[in-house]
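In UniProt numbering, the protein residues as written are 1 to 707.
All remarks here apply to the structure that follows.
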Amino acid sequence: SQDIVSGESEEESNGVNLMEFSDEILLHILSYVPCTDLVLNVRRTCRKLATLCLDKSLTHAVLLQKDYKVNKDKVKQLMRDIGKEIYQLNMAGCYWLPSSTIDHVTRCKNLVKLNLSGCHVTSLRLSKMLSTLQHLRSLAIDVNPGFDASQLSSECKATLSRVSELKQTLYTPSYGVVPCCTSLEKLLLYFEILDRSREGFMLSGQLMVGESNVPHYQNLRVFYARLAPGYVNQEVVRLYLAVLSDRTPENLHAFLISAPGSFAETGATKNLLDSMARNVRLDALQLPKAWINGSGLLQHLKFNNPFYFSFSRCTLSGGHLIQRVINGGKDLKSLTSLNLSGCVHCLAPESLFRKAEDDIDSSILESLVVSCCNLKHLNLSAAHHHSSESIGNHLCQLLSRLKHLLSLALPVCSITDVAANVEKPPTASNLVPQTFGRKVRIGIQTYPRNLADQANQKIESSVFWALMGSLRFLETLEIIGSSFSSAMPRNEPAIRNSLPPCVRAQSVGDSEVAAISQLTYLQSLTLAQLPNILTGSGLINIGLQCQHLRTLSLANLGMMGKVVYMSALMDMLKHCKCLRDLRLEQPYFCAGAQFFQALSHCSSLQRLCIVSRSGTLQSDAVMSFMANCLEVIMCHMFMGESLTVCKNLQQSIVRSFQADRPALNVVIFPLLHEDLTEVIRDVPMRHLDEITLFKSRVAEEPPNLWW
Numbered sequence: 001s002q003d004i005v006s007g008e009s010e011e012e013s014n015g016v017n018l019m020e021f022s023d024e025i026l027l028h029i030l031s032y033v034p035c036t037d038l039v040l041n042v043r044r045t046c047r048k049l050a051t052l053c054l055d056k057s058l059t060h061a062v063l064l065q066k067d068y069k070v071n072k073d074k075v076k077q078l079m080r081d082i083g084k085e086i087y088q089l090n091m092a093g094c095y096w097l098p099s100s101t102i103d104h105v106t107r108c109k110n111l112v113k114l115n116l117s118g119c120h121v122t123s124l125r126l127s128k129m130l131s132t133l134q135h136l137r138s139l140a141i142d143v144n145p146g147f148d149a150s151q152l153s154s155e156c157k158a159t160l161s162r163v164s165e166l167k168q169t170l171y172t173p174s175y176g177v178v179p180c181c182t183s184l185e186k187l188l189l190y191f192e193i194l195d196r197s198r199e200g201f202m203l204s205g206q207l208m209v210g211e212s213n214v215p216h217y218q219n220l221r222v223f224y225a226r227l228a229p230g231y232v233n234q235e236v237v238r239l240y241l242a243v244l245s246d247r248t249p250e251n252l253h254a255f256l257i258s259a260p261g262s263f264a265e266t267g268a269t270k271n272l273l274d275s276m277a278r279n280v281r282l283d284a285l286q287l288p289k290a291w292i293n294g295s296g297l298l299q300h301l302k303f304n305n306p307f308y309f310s311f312s313r314c315t316l317s318g319g320h321l322i323q324r325v326i327n328g329g330k331d332l333k334s335l336t337s338l339n340l341s342g343c344v345h346c347l348a349p350e351s352l353f354r355k356a357e358d359d360i361d362s363s364i365l366e367s368l369v370v371s372c373c374n375l376k377h378l379n380l381s382a383a384h385h386h387s388s389e390s391i392g393n394h395l396c397q398l399l400s401r402l403k404h405l406l407s408l409a410l411p412v413c414s415i416t417d418v419a420a421n422v423e424k425p426p427t428a429s430n431l432v433p434q435t436f437g438r439k440v441r442i443g444i445q446t447y448p449r450n451l452a453d454q455a456n457q458k459i460e461s462s463v464f465w466a467l468m469g470s471l472r473f474l475e476t477l478e479i480i481g482s483s484f485s486s487a488m489p490r491n492e493p494a495i496r497n498s499l500p501p502c503v504r505a506q507s508v509g510d511s512e513v514a515a516i517s518q519l520t521y522l523q524s525l526t527l528a529q530l531p532n533i534l535t536g537s538g539l540i541n542i543g544l545q546c547q548h549l550r551t552l553s554l555a556n557l558g559m560m561g562k563v564v565y566m567s568a569l570m571d572m573l574k575h576c577k578c579l580r581d582l583r584l585e586q587p588y589f590c591a592g593a594q595f596f597q598a599l600s601h602c603s604s605l606q607r608l609c610i611v612s613r614s615g616t617l618q619s620d621a622v623m624s625f626m627a628n629c630l631e632v633i634m635c636h637m638f639m640g641e642s643l644t645v646c647k648n649l650q651q652s653i654v655r656s657f658q659a660d661r662p663a664l665n666v667v668i669f670p671l672l673h674e675d676l677t678e679v680i681r682d683v684p685m686r687h688l689d690e691i692t693l694f695k696s697r698v699a700e701e702p703p704n705l706w707w
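Next up, the structure:
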């Protein structure tokens, strides 16, 4: 009490009193506080805050997603206090809450939108809950093994019949609740079905006997399906598409299927695409590469005001892209998101006799930039986009015209200054093989750590430096080697060998990394396979200048036999006060006391993932780090340590911190162990998809796909 009084006196003497602010300003401040804190803590401090914390603007939509401190009791109390005031409830990814927590959602009688993706919900619990939510129009759930649609009550089915938006993640072959949703306008499907059971039995893509096979798509406007690797996922999605092939909805304006690897076209899918070409005008499109490659489909599809295109991994040439997609370079200002990841020929006039490493045609990129001048999200990764020596036509120079970009993904070889490469012979560092063989001693060039000195020394005239200077509002940046592949598996053993970097990428290193520090509003940064990192000094500049950085992913920087940037990384981390997610993938990484001491400066850190072949760790340093960083709820380490060391450390962390951190998820396991895939399947999908697995995330999905 004395501390509070003295604090109030100090505020009065300085002429500042928080409670004297207008209600509008206070409501804006309170909007940044988690709803559980507002209702259960803040509103108990004084009468004014008691009233403001229950304002409809703060209780109308409740976000528990990534509120890692919430537990069953807090949810129960929250629903008791404001359940009737909640219209939107997002509990996505709350994997740590017991399934009985869902019972308390029944207090939210006025719910219109409900997201339970990643939560444990049985058929019976779902039936009981939905039976009371008569106003529900938007629903997201998981369908797990054991789901039985026959257990859904008539009241539950009545609620589902009014749902217009459904997001369904499938872990077992099933239609889920789709046949009950007769008014669907938006359907999002995520297929995460494994080909084998835990016992090793092959699974079938056939649905359960007795399941209805008549989904109701007549009102559908958006169809989206994302498939994890595996043939079962492909079999099941074909069953969902079968109804669409019979009758294409007239109002369909977004059709998106994201499928890795080979997903062959069948007679039914061909009929579906032909019907779409005749009857609908699309605003968003993504298809498996086999459905586009070698076909004239794009020539016949009609578009209205497209806002999203994804031609990821297609062999689409630049000539086809310009002629068939953006109408010969006509105005396409409506397009805000474009994914050309893995389209190796998309910036070349034709692909028949072209090698992937040949120079791009700058006129194609210029047409794209001029036509799609309002692009906010652009992905050009996983391809060799080499600029020619023509002045003013470098890829970076053309992209600098896109002033609205918020996220950008580029291959490392695309940011190379062509003139510098031509003038300079290969250096000793460039000739060092990127392998795990015998180490070669080389002279290491020293780089100044001061940003101004670096700018004056080399990169003021660099095309990449100029690009970073022109994209001042960029929030997400990915610079990924065109031949990079992560050692972290999805459904297969860890990759043991990696391909060497592109020859054009050999000169990309510390100077280019330093250029990124111009991005004042940068929130997410991914750097992978930058071979010429010698000291990592550019990372320090990023730590100092990019104070909004929340997500950092570094992989295979510099020489593969040694972590040459460790000192700079530790200096950088001392300045990253807002960093929440850190992913490091580097062979021979030593996660020791010094590293974890530096990492402890990241007071906001929540998730840590380290992937390192032949990497080592110090158990006591990890325990000390976990004790100091109270916000950390995910610790994934896949290293070169023995199984015994990994298991003992994992058990120690769980035993020491699980009680105070209900969402704690710890996986420490040898990277090259044969059982790694079995361990991976138990990782919560939220962590697996967002940080543990490496992938390019720029323009991966249409913006605002789900609320």
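Don't be surprised by glycine CBs; every beta carbon is placed ideally from N, CA and C.
| Check | Outcome |
| --- | --- |
| Looking only at C-alpha atoms, which of ARG238, ILE29, GLN586 and GLN65 sits nearest to LEU272? | ARG238 |
| Measuring only the C-alpha atoms, how far is TYR565 from ILE540? | 10 Å |
| Between VAL632 and LEU608, which are expected to be in contact by the criterion C-beta below 8 Å, what is the C-beta distance as a whole number of angstroms? | 6 Å |
| Expressed to the nearest angstrom, what Euclidean distance is found between the alpha-carbon atoms of ILE25 and MET19? | 10 Å |
| Can you tell me which of ALA494, LEU395 and VAL503 puts its alpha carbon nearest to the alpha carbon of SER483? | VAL503 |
| Does DSSP put ASN271 in a helix, a strand or coil? | helix |
| Is it right to say LYS577 is buried, meaning 16 or more other beta carbons lie within 10 angstroms of its own, or is it exposed? | exposed |
| Which complete beta strand (DSSP E) runs does the segment 505-582 hold, if anything under 3 residues is left out? | 524-530 and 551-557 |
| Just the C-alpha distance for GLN397 and SER310, rounded to the nearest angstrom, thanks. | 23 Å |
| Report back the beta-carbon spacing between LEU170 and GLU192 to the nearest angstrom; my notes put them in contact at under 8 Å. | 6 Å |
| Mind pulling the beta strand (DSSP E) runs of 3 or more residues that sit fully within the segment 593-640? | 607-611 and 634-639 |
| Within a Cβ cutoff of 8 Å, which residues of the same chain sit near LYS424, ignoring the five residues on either side of it in sequence? | With a pLDDT of 44 at LYS424, under the threshold of 50, the predicted position of this residue should be treated as unreliable, though the coordinate-derived value follows. Answer for LYS424: SER507, listed in chain order. |
| Need the endpoints of the beta strand (DSSP E) that GLN151 sits in, please. | Element bounds for GLN151: n/a, residue is neither H nor E. |
| Do you know offhand how far SER517's Cα is from CYS546's? | 6 Å |
| Can you find a CB in chain C that lies within less than 8 Å of the CB of PHE255? | Here chain C cannot be found, since the structure has a single protein chain. |
| Quick one: is SER400 buried, meaning 16 or more other Cβ sit within 10 Å of its Cβ, or exposed? | buried |
| Give the secondary structure of ASP195 by DSSP, where H, G and I count as helix, E and B as strand, and everything else as coil. | coil |
| Please classify GLU690 as buried or exposed, where buried requires at least 16 other C-beta atoms within 10 Å of its C-beta. | buried |
| My output table needs one value for GLU165: the three-state DSSP class, helix, strand or coil. | strand |
| Hey, quick one: how far does the beta strand (DSSP E) through ASP682 stretch, first residue to last? | Looking at the DSSP string, ASP682 is not in any beta strand (DSSP E), and its letter there is neither H nor E. |
| Taking just the CA atoms, how far does GLN529 sit from LYS695? | 13 Å |
| Please return the same chain residues whose Cβ sits closer than 7 Å to the Cβ of ALA593, not counting the five positions on each side in sequence. | GLN618 and ALA621 |
| Which residue or residues does DSSP assign as beta-bridge partners of LYS302? | ARG281 |
| Does the beta-carbon of SER407 have 16 or more other beta-carbons within 10 angstroms, so that it is buried, or is it exposed? | buried |
| Out of CYS180, LEU256 and VAL112, which one is the CA nearest neighbour of LEU705? | LEU256 |
| For ASN233, name the three-state secondary structure that DSSP assigns. | helix |
| Report the partner residues of ARG226 according to the DSSP bridge assignment. | TYR190 and SER258 |
| Does the beta-carbon distance from SER595 to MET560 come in below 8 Å? | Before going on, a small fix: residue 595 reads as Phe here, not Ser. Cβ atoms of PHE595 and MET560: not closer than 8 Å. |
| Closer than 7 Å by C-beta to CYS53: which residues in its own chain qualify, once you throw out the five before and the five after it? Chain order, please. | LEU30, LEU38, VAL39, VAL42 and ARG43 |
| Would you mind working out which of GLU585, ALA409 and THR416 sits nearest ILE495, comparing C-alpha positions? | GLU585 |
| In the DSSP assignment, what are the bridge partners of PRO411? | ILE480 |
| Going straight from the alpha carbon of ARG162 to that of CYS180, what length do you get? | 9 Å |
| Can you tell me whether PRO288 is helix, strand or coil according to DSSP? | coil |
| Output the distance between the C-alpha atoms of GLN206 and LEU133, rounded to the nearest integer angstrom. | 32 Å |
| Would you please state the rounded distance, in angstroms, between the beta carbons of ARG137 and GLU165? I believe it to be under 8 Å. | 7 Å |
| Please classify TYR240: does DSSP put it in a helix, a strand, or coil? | helix |
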